[in-house]
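Read through the structure below, which is laid out as structure tokens, and then see the notes.
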Amino acid sequence: MNAQDWIAVASVVTAGLTVGIGAIGPALGEGRAVAQALEAISRQPEATDRITRTLFVGLAMIESTAIYCLVVALVLLFANPLL
Amino acid sequence: MRPDLLPTEVARVGPFGFTDTLLATVVLSAVLVGVGALLMRFERTRAALEVVYEGLERSIVEGVQIDARPLVPLVLTQWVFILFANLLGLVPTLSSPTRDLSITASLALIAFFAGHVYAFRAQGVRYLKHYLEPNPLLLPFNVVGELSRTLALALRLFGNMLSGHLIGAILVYLVGLLVPIPMLLLSVLTSVVQAYIFGVLTLVFTASSMAVASREQETSTPQGAET
Numbered sequence: 061m062n063a064q065d066w067i068a069v070a071s072v073v074t075a076g077l078t079v080g081i082g083a084i085g086p087a088l089g090e091g092r093a094v095a096q097a098l099e100a101i102s103r104q105p106e107a108t109d110r111i112t113r114t115l116f117v118g119l120a121m122i123e124s125t126a127i128y129c130l131v132v133a134l135v136l137l138f139a140n141p142l143l
Numbered sequence: 003m004r005p006d007l008l009p010t011e012v013a014r015v016g017p018f019g020f021t022d023t024l025l026a027t028v029v030l031s032a033v034l035v036g037v038g039a040l041l042m043r044f045e046r047t048r049a050a051l052e053v054v055y056e057g058l059e060r061s062i063v064e065g066v067q068i069d070a071r072p073l074v075p076l077v078l079t080q081w082v083f084i085l086f087a088n089l090l091g092l093v094p095t096l097s098s099p100t101r102d103l104s105i106t107a108s109l110a111l112i113a114f115f116a117g118h119v120y121a122f123r124a125q126g127v128r129y130l131k132h133y134l135e136p137n138p139l140l141l142p143f144n145v146v147g148e149l150s151r152t153l154a155l156a157l158r159l160f161g162n163m164l165s166g167h168l169i170g171a172i173l174v175y176l177v178g179l180l181v182p183i184p185m186l187l188l189s190v191l192t193s194v195v196q197a198y199i200f201g202v203l204t205l206v207f208t209a210s211s212m213a214v215a216s217r218e219q220e221t222s223t224p225q226g227a228e229t
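Residue numbers (the numbering used here), protein chains in the order written: chain R, 61 to 143; chain L, 3 to 229.
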């Protein structure tokens, strides 16, 4: 195996690790956010509309961290500058 | 497996490549404008559209603290365009133009510059003051924050749409016909939510830079009432 092959191996492994580890944080965060929103809705059902609206915006912001990891993994797999 | 995951070049004018995603964007814009103009010519559809517009306008204006009425056309255009651009991926043989980072980056740039234009129009050069809040020392952080949220706006839409297409393509490749259908349903949800998010985030960001003057007015009015 020459250096190019090692770079390919490292890229594939790192891409997997990036998505795997990068999904943990947003998953925990989104779980917490949804749990809190459900609690708030059960306590104040009349505020459901506002809570849902804010929840969706918040979830998208949290999810973007996972999306960054995905973009990094995609760059490593399909547009690797080192290969 | 669908071969069209990455944008492919269909024509080349000098140094500029003309990709299929760009073509889809131009055609989609023309179709949306054309259908909109056509619907506005008939009394019935026009009345129906006006009801829809007023409902959406109310939901936008109620969402933020300031007077957001000038922002309604921008946000509604983003909603309609990004929604249809995302949903284009559900049509067989077509795919969403928003899976191309260039398209989402240009949408984010429109949001960025529109934010500055609207804030300038609302209160002149004074809107630049929001960079110095809450403390002038935070100026670099505010500038970096503004740039990074524009980047985030582009990457979020791009990543969501490309990942939806990728998962669909991989599932079709692995198991064939029926299993990808739940993923397609999920991608409908993602398309709608991402279009909504893009518009709402533009609204929130622009509103936060437009808020300086209205906050000053709020704090100055009670004092004026006292004297």
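For glycine and all other residues, C-beta sits at the position ideal for the given N, C-alpha and C. Keep in mind it's a predicted model, so treat the numbers as computed, not measured.
Three-state secondary structure assigned by DSSP to residue i
i, result
"A26(L)", "helix"
"R43(L)", "coil"
"V202(L)", "helix"
"A13(L)", "strand"
"T100(L)", "helix"
"T106(L)", "helix"
"T95(L)", "coil"
Beta carbon proximity, residue i to chain R, threshold 8 Å
i, result
"F198(L)", "In the sequence as displayed, the identity of residue 198(L) is Tyr instead of Phe. Closer than 8 Å: yes."
"M3(L)", "The predicted model places M3(L) with a pLDDT of 37, which falls under 50 and marks its position as unreliable, so this point remains unresolved."
"V146(L)", "no"
"N88(L)", "no"
"R123(L)", "no"
"G226(L)", "Because G226(L) sits at a pLDDT of 41, beneath the cut-off of 50, its placement in the model cannot be relied upon, and the following sentence gives the value as read from the coordinates. G226(L) does not count as touching chain R."
"G170(L)", "no"
"S97(L)", "no"
"A209(L)", "no"
"N162(L)", "yes"
"G57(L)", "no"
"A70(L)", "no"
"A26(L)", "no"
Rounded straight-line distance, which links the Cα of residue j to that of residue i
i, j, result
"Q225(L)", "Q196(L)", "Residue placement at Q225(L) is poorly supported in this model, since its pLDDT is 44, which falls under 50; the coordinates are not used for a value here."
"V73(R)", "Y128(R)", "17 Å"
"R128(L)", "A75(R)", "46 Å"
"A83(R)", "A133(R)", "12 Å"
"S97(L)", "L90(L)", "6 Å"
"S31(L)", "F83(L)", "7 Å"
"L134(L)", "F114(L)", "18 Å"
"L164(L)", "S124(R)", "13 Å"
"S211(L)", "P75(L)", "18 Å"
Contacts that residue i makes with chain A (C-beta to C-beta distance below 7 Å)
i, result
"I84(R)", "Any reference to chain A falls outside this structure, whose protein chains are R and L."
In chain order, which alpha helix (DSSP H) runs of at least 4 residues are fully inside the segment 37-90 of chain L?
-> Every unbroken stretch of the alpha helix (DSSP H) spanning 4 or more residues and falling wholly within the segment 37-90 of chain L is given here in chain order: 45-65 and 74-89.
Would you mind listing the alpha helix (DSSP H) stretches within the segment 143-180 of chain L that are 4+ residues and don't spill past its ends, in chain order?
-> none
For the segment 121-133 of chain R, enumerate the residues whose C-beta is nearer than 7 Å to any C-beta of chain L, in chain order.
-> S124, I127, Y128, L130 and V131
Between the segment 87-120 of chain R and chain L, which residues of the former have a C-beta closer than 8 Å to a C-beta of the latter?
-> R113, F116, V117 and A120
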